[in-house]
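So the structure is just underneath, and the comments pick up after that.
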Amino acid sequence: MGAMDGIRNIVILTGAGISAESGLRTFRAEDGLWEDHRVEDVATPQAFRRDPQLVQRFYDARRAGVRAARPNPAHAALARLDRAWPPGERGELLIVTQNIDDLHERAGAARVLHMHGEALSAWCTACDARHGWTDTLLDSPPCPACSARSLRPDIVWFGEMPYGMDRIFAALARADMFVSIGTSGAVYPAAGFVQQAKSHGARTLELNLERSQGSAWFDESRLGPASELVPEWVAEMIGG
Ligand code: BJW
Numbered sequence: 062m063g064a065m066d067g068i069r070n071i072v073i074l075t076g077a078g079i080s081a082e083s084g085l086r087t088f089r090a091e092d093g094l095w096e097d098h099r100v101e102d103v104a105t106p107q108a109f110r111r112d113p114q115l116v117q118r119f120y121d122a123r124r125a126g127v128r129a130a131r132p133n134p135a136h137a138a139l140a141r142l143d144r145a146w147p148p149g150e151r152g153e154l155l156i157v158t159q160n161i162d163d164l165h166e167r168a169g170a171a172r173v174l175h176m177h178g179e180a181l182s183a184w185c186t187a188c189d190a191r192h193g194w195t196d197t198l199l200d201s202p203p204c205p206a207c208s209a210r211s212l213r214p215d216i217v218w219f220g221e222m223p224y225g226m227d228r229i230f231a232a233l234a235r236a237d238m239f240v241s242i243g244t245s246g247a248v249y250p251a252a253g254f255v256q257q258a259k260s261h262g263a264r265t266l267e268l269n270l271e272r273s274q275g276s277a278w279f280d281e282s283r284l285g286p287a288s289e290l291v292p293e294w295v296a297e298m299i300g301g
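Residue numbers (the working numbering): 62 to 301.
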């Protein structure tokens, strides 16, 4: 019996490392985003209240970076797996991404949940509507739904509740396999997913450039660039 036999339900967690080879900077590397910015100056609700222009400029730049980036072979491989793993036949599959880029979707993946929000979305704190957004938010444009000038980046900052937690925990409880790709394991609740999945009996695999903080929780760690490791793993799952 092969190592992948008996696996039906898969949960995949992705982080900044999967988009690094698309030219998007990670957070905690020496040349990472937090080298130029203190987390508490740009990624907290307090920062947004204190200096909205600084935060809007930071996310305007991120939005432009996301639009200029292209999916890499790791995103493409996960999209292949998504297509080759139909719910009725093979099992459930969910790509939970901490990334705010849309590279999974642009590679063709459908079952993607953005737990930390999306760069190309704006959220109106007056009427709670969300709008696809590609331009600047710096000049306080009016909300297309209610006209209030209350749009903020649709991003989950520190201290805020990540999106989709009920759906994620339900998927982790049913998972036969949990795979973590390109994340340092520094930020909760995502960093705790491996333990959740493991406690429900899932096999756990990490694909990362270096060992993550939660590395000891994984049954297996494969170290290297996502653009190589992810296509290799997907080929093991579905062939080709
Ligand atoms: C490669 C590679 C290549 C490079 N190939 N690999 C204990 C329990 C629960 C919560 C807390 C807790 N202690 C503190 C908290 C609160 C806090 C937290 O976790 N703080 C920590 C600092 C300790 N968490 C929160 O506030 C969260 N909300 C919350 O907890 O609500 C309450 C709650 C509790 C319990 C259940 C449910 C809810 C919200 C967190 C919001 C995070 N937001 C950010 C910024 C916004 C998005 C954005 O601007 O883009 O999200 S922070 C930033 O870190 C971003 C990322 O999504 C996130 C994770 O980073 P990631 O992706 O791991 O990147 P890096 O750079 O750290 O790592 C990259 C990895 O890739 C490295 O390992 C490289 O080696 C590797 N790599 N190149 C493969 N080519």
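Glycine included, C-beta positions come from ideal geometry on N, C-alpha and C.
Here the structure is a predicted model, which means the values were calculated and not measured.
Straight-line Cα distance separating residue 225 from residue 195 = What you label residue 195 is simply residue 134 of the sequence shown in a count that begins at 1. What you label residue 225 is simply residue 164 of the sequence shown in a count that begins at 1. Cα to Cα, residue 195 sits roughly 23 Å from residue 225.
Alpha-carbon spacing of residue 133 relative to residue 82, whole angstroms:
Your numbering for residue 133 matches position 72 in the sequence shown. Your numbering for residue 82 matches position 21 in the sequence shown. Cα to Cα, residue 133 sits roughly 7 Å from residue 82.
Item to complete: Keeping to the same chain, check which residues put their C-beta closer than 8 Å to that of residue 234; ignore five residues upstream and five downstream.
Response: Taking the sequence shown and counting its residues from 1, the one referred to as residue 234 is at position 173. Correct list, in chain order: 257 and 261.
#### Entry: Cβ neighbours of residue 209 in the same chain (closer than 6 Å, five flanking residues each side left out)
In the sequence shown, the residue the question calls residue 209 occupies position 148. For residue 209, where only same-chain residues beyond five positions count, the Cβ hits under 6 Å are 187.
DSSP three-state call for residue 217: helix, strand or coil?
Stepping through the sequence shown from its first residue, residue 217 is reached at position 156. DSSP places residue 217 outside both helix and strand once states are collapsed to three, so it counts as coil.
Alpha carbon to alpha carbon, what distance is there between residue 135 and residue 145? Against the sequence shown, residue 145 aligns to sequence position 84. Against the sequence shown, residue 135 aligns to sequence position 74. Those two C-alpha atoms are separated by around 15 Å.
Integer Cβ distance of residue 130 from residue 85, believed to fall under 8 Å: Here residue 130 refers to the residue found at position 69 of the sequence shown. Here residue 85 refers to the residue found at position 24 of the sequence shown. About 5 Å separates the two Cβ atoms, so the contact holds.
Can you give me the Cβ contacts of residue 354 inside the same chain, cut-off strictly under 8 Å, excluding the 5 residues immediately before and after it?
-> No answer is possible for residue 354: the residues shown for the chain start at 62 and end at 301.
- Item | Beta-carbon gap between residue 127 and residue 162 smaller than 8 Å | Against the sequence shown, residue 127 aligns to sequence position 66. Against the sequence shown, residue 162 aligns to sequence position 101. Yes. Within cutoff.
Whole-number beta carbon distance between residue 71 and residue 206, since they are thought to touch under 8 Å: Here residue 206 refers to the residue found at position 145 when the sequence shown is read from its first residue. Here residue 71 refers to the residue found at position 10 when the sequence shown is read from its first residue. Not really, about 36 Å apart at Cβ, beyond 8 Å.
Checking 8 Å against the spacing of the C-beta atoms, do residue 270 and residue 286 come in under that value?
Working through the sequence shown from its first residue, we reach residue 270 at position 209. Working through the sequence shown from its first residue, we reach residue 286 at position 225. Result yes, Cβ atoms of residue 270 and residue 286 sit closer than 8 Å.
| request: Label residue 308 either buried or exposed according to how many other C-beta atoms from any shown protein chain fall within 10 Å of its C-beta, with 16 as the threshold for buried. | output: With the chain represented from 62 up to 301, any question about residue 308 goes unanswered, as that position is not in the structure.
message = Once the 5 residues before and after residue 89 are set aside, which same chain residues still bring their CB inside 7 Å of it?
response = Stepping through the sequence shown from its first residue, residue 89 is reached at position 28. The residues are 95, 245 and 247.
Exercise. Identify which residue in 268, 238, 275 and 263 has its Cα closest to the Cα of residue 253.
Key: For the purposes of this step, residue 253 is taken as the residue at position 192 of the sequence shown. Closest option to residue 253, Cα to Cα, is 275.
Check: What three-state label does DSSP hand residue 191 in the structure shown?
Finding: Within the sequence shown, numbered from 1, the residue matching residue 191 stands at position 130. Looking at residue 191 - three-state DSSP - the assignment turns out to be strand.
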